[in-house]
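Quick notes on the structure that follows.
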Amino acid sequence: MNAHMWMLFVLGVVCFAIAFGFETNIRRIRRIIKTFPDDPSALALVAEVPRARRGTLGCIILGVMAFLLGFGKAFGYF
0 MNAHMWMLFV LGVVCFAIAF GFETNIRRIR RIIKTFPDDP SALALVAEVP
50 RARRGTLGCI ILGVMAFLLG FGKAFGYF
């Protein structure tokens, strides 16, 4: 077990934590839009949802890659 493997595991956990934060923000934005449908500032938040979705997807992909590389290093594939 070397430091690179643990670093990849930690990177995977951090990426999944960031993705969870993006999803929480998306839920919060949708709740604000439902509560105040005519408010211009709430409507401006609609543009943030696709950006948060891309961030979520990117973090999940990075997290999966980090976990796979970490397991690969742990079992001697890399």
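Quick note on numbering that gives the first Met the number 0: the sequence shown kicks off at 0 and runs consecutively.
The C-beta atom is built at its ideal place from N, Cα and C for all residues, glycine as well.
Exercise for the section: Take the Cβ of Leu-7 as the centre, count every other Cβ of all protein chains shown within 10 Å, and call the residue buried at 16 or more, exposed below. Expected result: buried
Exercise for the section: Determine the contact status of Gly-69 and Gly-11, defining contact as a CB-CB distance below 8 Å. Expected result: yes
Problem - Buried versus exposed call for Ala-51 [16 or more other C-beta atoms within 10 Å across all chains shown] - result: buried
Problem - Identity of the residue in His-3, Asn-1, Phe-15 nearest Val-63 by Cα - result: Phe-15
Handout entry: Three-state class that DSSP yields for Gly-11 in the structure shown
Key = helix
Handout entry: Own chain, CB closer than 7 Å to Ile-83, minus 5 neighbours either side, in chain order
Key = Lying before the first or after the last residue shown, residue 83 is absent from the chain, which here runs from 0 to 77.
Exercise for the section: Within 10 angstroms of the Cβ of Ala-65, are there 16 or more other Cβ atoms? Answer buried if so, exposed if not. Expected result: buried
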